[in-house]
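Heads up: the structure comes next, in structure tokens.
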Amino acid sequence: MRPYFFESRYRQLQAWAIPAPRQPAASMQPRQQPLSEPGPRGRRPVAPLLALLLLLALQRTGAAPAGPGESEKPGDNQEAYETAYEDYDYGLPSEFELPPWFSNLKTPGGPLLPEGILRQGALAAVHFLNFREGSPSDLQMLSTVYRASVWETAEKEQHVDVAFTTERFKPEGDKEKPLAECAARVIFRKGKPRPAVNIYCEGLAEKNKRQEDYLLYKHLKQLKPLLGVVHIPDRNGYIDPSLRPLWDLAALGSSYVMWDKTTNVLRYSLVQLTSVKQWKTDGEIDFDYTVQLHEFSTQEIIPCRIHLVWYPGKPLKVKYRCQETPGQASEVEEGSGGMVLTELTNN
Amino acid sequence: METQLIFPAALFPATLSERARRCQSLEPPPRPPRGTAPRCKGGGQLLGTARRLLSWESLKGPRTFSQSQLTFPTGCSMKGLLILSVLLGAVLASEDFVGHQVLRISVADEAQVQKVTELEELEHLQLDFWRGPAQPGSPIDVRVPFPSIQAVKVFLEAHGIEYTIMIEDVQSLLDEEREQMFAFQARAASTDTFNYATYHTLEEIYGFMDLLVAEHPQLVSKLQIGNTYEGRPIYVLKFSTGGNNRPAIWIDTGIHSREWVTQASGVWFAKKITQDYGQDPAFTSILDNMDIFLEIVTNPDGFAFTHSKNRLWRKTRSITAGSSCVGVDPNRNWDAGFGLAGASSNPCSETYHGKFANSEVEVKSIVDFVKNHGNIKAFISIHSYSQLLLYPYGYTTESAADQAELDQLAESAVKALSSLYGTKFKYGSIIKAIYRASGGTIDWTYNQGIKYSYTFELRDTGRYGFLLPASQIIPTAQETWLALQTIMEHTLNHPY
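Residue numbers (full-length UniProt numbering), protein chains in the order written: chain A, 1 to 347; chain B, 1 to 496.
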């Protein structure tokens, strides 16, 4: 299987087109944004000129990155924290090789950052992966985090290298769920959402995905528009099989929103599709809907209005607006329409 | 609890059942002379309505509930029975009563009676008189379809005729009663026919408890430890084979009402206990030496609310003075690090800790129980979701004194759990494994000296979250039971 690699939107801040040989990191002080985008092998060539310029710029400033992992690793004067998060009886998948930029810190002593940060990072990476893959029939779910390193830079950025497996969002019935293996670097700027993500995965099947997406697209075109209040899944967790594609598409759009909102302390899961405002299927699918997200550490239920445009194989276009006030969402009765979202932020 | 299956007409107060009772014949009776009590006027109207309904295109046919279960009050002929059941079916199937209101008209004199009678003549209004105009002093009940409401009210007001709105929306009443009816039918006659693979209402779970106690009076008893904010009883099942205040194990589920798999698992645990005692040697040994207390619905108000209004309600339903927001997070309301970081002071927040520790009666009841009992040795509080087994603390990074033992026991419990279906659980202290949380249950119980204090977070890890499909209830309960048994055995073998 061909490995997949995606980088987050801070593309203009990237610095490497090819992995450089490793160099001792002692004198390197990591910089902020330019180093937020390590570029392991297989990166899609995007704006190579820009990358070259940046590379030159960085070399001039003396902070030339040796390899993605190296200069980002904490130097001697920086505090480093490691949480080797090994799963109990379920060892590392043997064939998966961690990419060279994946840090393997082993610094004895020092306080440990809460393990929550690992989950934040892994989940942000999965949401981002789903968004960039753009495939509602092949959405991934975080399965097991089995290795991670996390450290904080002087600029209060939290860098998380996390290796994990994913499984398919769509339940496969009783069959053994296929797993993909991923390694991601997620960088949180403290308190700010939309972490920078670089993710590298093996085991995501490309061919089937395209076919399934197209089938899903055809199914969706035939779906009768059901405008108004819906509950998918319903209160008992049940999803009508004929509505499953709608849920998958809604989940795809939600992945973008959830990545965009994730911070070093807040992470999200998708709860329910609660209303369909608009549904157009000539050519692209134009879908305007509301979901409820579960914000994990605060336990809040956040309603979000999402508007997406999707066509198989094309990148997803999505805008959204979430209700921000805490607690009021829980006062809204189901389907009572207590929330009026007339503006959508343009993303 | 009686489980007779009465014809649900009994659930339709004073309306359809009353009319049924009055039904003596099917022929529309001649208009009774003034001064006599209406006889079968309702019945005639019943038939009239039936005819009207039958001709509506929206008629979907009767529901599939078994009509053989319908028993009728005496006095109706077989044909009337058939018509009535069709009507009922039509009424239940048709969704066309939205916005319909039932008005009670009080007529002051003959002239007003005459006026209302004139109203009756106007076919286009499609009025349905449940209690027709008779004489002054007799109230007149009429169902008015939504399009006619304004016209009728204007007419009545213009003639100075008084009326009140008896039923604001006929459809919602029907919906409610239909739900009750189906719930009625779903009610099991014994805990062996109870459906464990589906989610139940509060009434059904309370009914289940009574059945269980009735079936195993030597083993199971039901205690009421208090009343909720809204006045519902709070029940705890006690499983005991004797002794006097034996060392005990406490298990609670459903403290956060939206975590439906936990209450459902609690029901399953209750049944499991009665099944395993005397059959499984290890478990029998536990129950021969210790008592088990099981609180299945720890937050009844919240649970009822998740059924009626908001499936994702988490907190209690207590009103906070000075705020429009309702409810306190019962797992932030305990007296352990109360109000510290890890809870919110905003009443609108899902983790609002309340005005003071134990402000919530649902929490206070357990606190009082635990203190009065004085001999609880293990305390397990069950939540969902995340697949975690947690031990104290949540409000501080300081390790619990018994951290090493708790950690090791957690490891064994999690191993036992995953042995069944391979479900992966992680374990650790609350603050490390999930997030900082203050005022939590097991932090308090641990500080009280209950060493084996654990919190479970059951399936899943986010695919369905709180909306876990009912098909996963039994597997979840089964695997969790293995972990619980591990903890209970350890508690038995390590008295302190």
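Note that the Cβ used here is the ideal one computed from N, Cα and C, for glycine as well.
Asked	Found
Min CB distance Tyr238 of chain A to chain B below 8 Å	yes
Buried/exposed call for Ala310 of chain B, threshold 16 Cβ in 10 Å	Note that residue 310 of chain B is Asn in the sequence shown, not Ala. So Asn310 of chain B counts as buried.
Residue environment, Glu295 of chain A, which counts as buried when at least 16 other CB atoms sit within 10 Å	buried
Listed by chain order, chain A residues near Ala470 of chain B by CB distance under 8 Å	Asn236, Gly237, Tyr238
Backbone secondary structure at Thr144 of chain A - three-state DSSP	strand
Any C-beta of chain B under 8 Å from that of Gln120 of chain A	no
Rounded separation between Asn236 of chain A and Leu312 of chain B - CA only	12 Å
Unbroken beta strand (DSSP E) run spanning Gly226 of chain B, endpoints	220-227
Nearest candidate by alpha-carbon position, reference Pro147 of chain B, set B:Phe208, B:His124, B:Val113, B:Phe269	B:His124
Contact set between Leu467 of chain B and chain A, taken where Cβ atoms lie within less than 8 Å	Pro233, Asp234, Arg235, Asn236, Gly237, Val271, Gln272
Bridge partner(s) assigned by DSSP for Ser269 of chain A	A:His294
Bridge partners - Glu350 of chain B, DSSP secondary structure assignment	For Glu350 of chain B, which the question treats as bridged, DSSP gives no partner whatsoever.
Chain A within 8 Å of Leu492 of chain B, Cβ atoms only	no
Selection of the stretch 308-334 of chain B by Cβ proximity to chain A, strictly under 9 Å	Lys309, Asn310, Arg311, Leu312, Trp313, Arg314, Lys315, Ser324, Cys325, Val326, Gly327, Asp329
Amino acids of chain A, ordered along the chain, whose beta-carbon sits closer than 7 Å to that of Tyr435 of chain B	Gly116, Ser297
Contact with chain A by Gly462 of chain B, beta-carbon distance below 8 Å	yes
The alpha helix (DSSP H) enclosing Leu484 of chain B, as first and last residue numbers	473-493
Closer than 7 Å at the beta carbon, the chain A residues around Tyr199 of chain B	Asn236
Short CB-CB distance (under 8 Å) between Met141 of chain A and chain B	yes
Residue interval of the beta strand (DSSP E) (run including Ile255 of chain B)	Counting along the chain, Ile255 of chain B falls outside any beta strand (DSSP E), and DSSP gives it neither H nor E.
Nearest-angstrom Cα separation, counted from Asn198 of chain A out to Thr263 of chain A	16 Å
8 Å Cβ cutoff, Lys355 of chain B in contact with chain A	no
Sheet register partners of Ser429 of chain B (DSSP bridge)	B:Tyr391
The stretch 480-491 of chain B contacting the stretch 437-448 of chain B, beta-carbon criterion three pairs below 8 Å	no
Endpoints, the beta strand (DSSP E) within which Ile117 of chain A is located	Not the beta strand (DSSP E): Ile117 of chain A falls in the alpha helix (DSSP H), residues 116-133.
The stretch 140-152 of chain A / the stretch 279-295 of chain A touching (three or more Cβ pairs under 8 Å)	no
Three-state class that DSSP yields for Asp76 of chain A in the structure shown	For Asp76 of chain A, the predicted structure reports a pLDDT of 34, less than 50, and the residue's modelled location is therefore unreliable. A value from the coordinates is still provided. Here Asp76 of chain A sits in coil by DSSP.
Within-8 Å CB hit, Lys424 of chain B to chain A	yes
Glu152 of chain A classed as buried or exposed, judged by whether at least 16 other C-beta atoms fall within 10 angstroms	buried
Cα-Cα separation, Leu118 of chain A to Ser429 of chain B	16 Å
CB of Leu156 of chain B within 8 Å of CB of Phe303 of chain B, strictly	no
The stretch 207-220 of chain B / the stretch 267-278 of chain B touching (three or more Cβ pairs under 8 Å)	yes
Beta-ladder partner(s) of Asp286 of chain A, from DSSP	A:Lys280, A:Val309
Beta-carbon proximity check, Ser384 of chain B vs Leu468 of chain B, cutoff 8 Å	yes
Strand pairing of Ser275 of chain A, partner residues [DSSP]	A:Val229, A:Thr290
Contact belief for Ala477 of chain B with Ser265 of chain B at Cβ below 8 Å, rounded distance in angstroms	4 Å
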